[in-house]
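Enquirer:
In this note's numbering, the protein residues as written are 34 to 165.
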């Protein structure tokens with residue numbers, strides 16, 4: 034994802050990416066490893082889990098830890114979000130996001146489809162651009 038879009042996410046949810054500068058503790062040191070087309074999906078997902086994370090962090094504070102996103106990437110044509118520790122509600126939100134990402138072009142955000150031969154979710158236009 035472009036540095037500009039990454040900065041917007043970090044500015045809004047910085048506490049979720051506490052160790053992103055240390056690549057030995059978080060793979061977020063490599064940035065968001067997907068195209069700009071999934072930015073809006075990512076924002077919707079983070080808005081959806083925001084109240085859940087707030088409540089979860091109150092519980093986690095009792096044991097001296099907090100929710101942290103450690104990796105966001107494309108894998109097999111899907112958007113994958115990995116966080117630790119997490120709970121059932123957050124996991125289900127991430128699974129919904131993974132499913133929805135199969136219908137959104139990773140590059141431009143238009144409606145797309147998973148091209149299994151290439152393991153990419155792309156709209157027709159982006160698919161043909163890549164094929165050229």
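Note that beta-carbon positions come from the ideal geometry of N, C-alpha and C, so glycine has one too. Here the structure is a predicted model, which means the values were calculated and not measured.
Which residue marks the beginning of the alpha helix (DSSP H) containing residue 164, and which one marks its end?
Expert: Mapped onto the chain shown, residue 164 falls at position 131. The continuous alpha helix (DSSP H) containing residue 164 extends over residues 157-164.
Enquirer: When you compare only the Cα positions, how much space is there between residue 155 and residue 129?
Expert: Translated into the one-based positions of the chain shown, residue 155 becomes position 122. Translated into the one-based positions of the chain shown, residue 129 becomes position 96. Using only the alpha carbons, I get a separation of about 18 Å.
Enquirer: Rounding to the nearest angstrom, what Cα-Cα distance links residue 66 and residue 114 in this structure?
Expert: Here residue 66 refers to the residue found at position 33 when the chain shown is read from its first residue. Here residue 114 refers to the residue found at position 81 when the chain shown is read from its first residue. Straight-line Cα distance between these residues: approximately 10 Å.
Enquirer: Report the start-end ranges of each alpha helix (DSSP H) in the segment 34-58 that is 4 residues or longer and not cut off at the edges.
Expert: 36-45
Enquirer: Taking one C-beta from the segment 58-77 and one from the segment 142-149 each time, how about it: are there three or more such pairs within less than 8 Å?
Expert: yes
Enquirer: Is the CB-CB distance between residue 64 and residue 39 below 8 Å?
Expert: For the purposes of this step, residue 64 is taken as the residue at position 31 of the chain shown. For the purposes of this step, residue 39 is taken as the residue at position 6 of the chain shown. Yes, the pair counts as a contact, with Cβ atoms nearer than the cut-off.
Enquirer: Sorted by chain position, which residues of the same chain lie with C-beta nearer than 6 Å to residue 105's C-beta, five sequence neighbours on each side aside?
Expert: Within the chain shown, numbered from 1, the residue matching residue 105 stands at position 72. Excluding sequence neighbours, residue 105 sits near 65, 114.
Enquirer: List the endpoints of the continuous beta strand (DSSP E) containing residue 94.
Expert: As a first step, residue 94 is located in the chain shown; it is residue number 61 there, counting from the start. Premise fails: residue 94 lies in the alpha helix (DSSP H), 72-94, not in any beta strand (DSSP E).
Enquirer: Using the beta-carbon count (16 or more within 10 Å), is residue 137 buried or exposed?
Expert: Taking the chain shown and counting its residues from 1, the one referred to as residue 137 is at position 104. So residue 137 ends up on the buried side.
Enquirer: Among the candidates 131, 150, 78, whose CA atom is the shortest distance from the CA of residue 112?
Expert: Position 79 of the chain shown, counted from the first residue, corresponds to residue 112. For residue 112, the nearest C-alpha among the options comes from 131.
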